[in-house]
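In our numbering, the protein residues as written are 196 to 394.
Even glycine gets a Cβ: it sits at the ideal position worked out from N, Cα and C.
One structure is given below, encoded as structure tokens.
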């Protein structure tokens, strides 16, 4: 009976030591990732980032300089978040002429990699934009559709590779990133999948 208690407590101690070592390793990896790239959010230490990092580099080389963008690498792929005001002026649902270079850069990368992509619009603070919409969700859905239409009709991206979603104001960025990333509650996310996502 006594040897069993000693063995059991020894196992508990050993498990505790292993848990501490594992936690320290995770903290080391997380801090190394954070220092490596301040413009990218990594949500997991257990996924393979190589494809997301490669696509991110392609976009960095293609997007106009000083584009307000945050890259987030998640298990489903790479999320490219660009501030909404790059694409839309105030309450408008029409794409700004100045956004064309940004959209064409994204089109060029999508054509190179052949991955599927969702266009997810996030907006807030629009009570009745253009008198046609009753909620932030409605305007975000229309804006996502407008961007998707541009990719399909002007960029010749096959329509089965891109689709749109509107989230309105239900998925704010402010609780997930530092205050230096202000303005990203209103954004367009281009979610480039790392696998063959279907509709």
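Collapsed DSSP secondary structure at residue i in the structure displayed
i           : result
residue 313 : strand
residue 375 : For residue 375, the pLDDT reaches just 49, beneath the cut-off of 50, and the residue's location in the model is therefore unreliable, although a value from the coordinates is still provided. Residue state, collapsed to three classes: helix.
residue 384 : strand
residue 247 : helix
residue 389 : coil
residue 358 : strand
residue 268 : strand
residue 330 : coil
residue 363 : strand
residue 301 : helix
residue 274 : strand
residue 236 : strand
Residue nearest to residue i in terms of C-alpha spacing, selected from the options
i           : options            : result
residue 283 : 340, 365, 305      : 340
residue 334 : 308, 288, 355, 245 : 288
residue 308 : 250, 264, 320      : 250
residue 378 : 273, 246, 320      : 320
residue 358 : 366, 343, 318, 352 : 343
residue 317 : 327, 337, 329      : 337
Test item: CB-CB of residue i and residue j under 8 angstroms
i           : j           : result
residue 294 : residue 257 : no
residue 275 : residue 254 : yes
residue 363 : residue 331 : yes
residue 281 : residue 297 : yes
residue 302 : residue 350 : yes
residue 345 : residue 290 : yes
Chain B contact for residue i (CB, 8 angstroms cutoff)
i           : result
residue 381 : Protein chain content of the structure displayed is limited to a single chain, and chain B is not contained in it.
Inter-residue CB distance, residue i and residue j (contact presumed, cutoff 8 angstroms)
i           : j           : result
residue 367 : residue 380 : 4 angstroms
- Query: Does the count of Cβ pairs from the segment 378 to 387 and the segment 307 to 314 closer than 8 angstroms reach three?
  - Reply: Of all C-beta pairs linking the segment 378 to 387 to the segment 307 to 314, three or more are shorter than 8 angstroms, placing the two stretches in contact.
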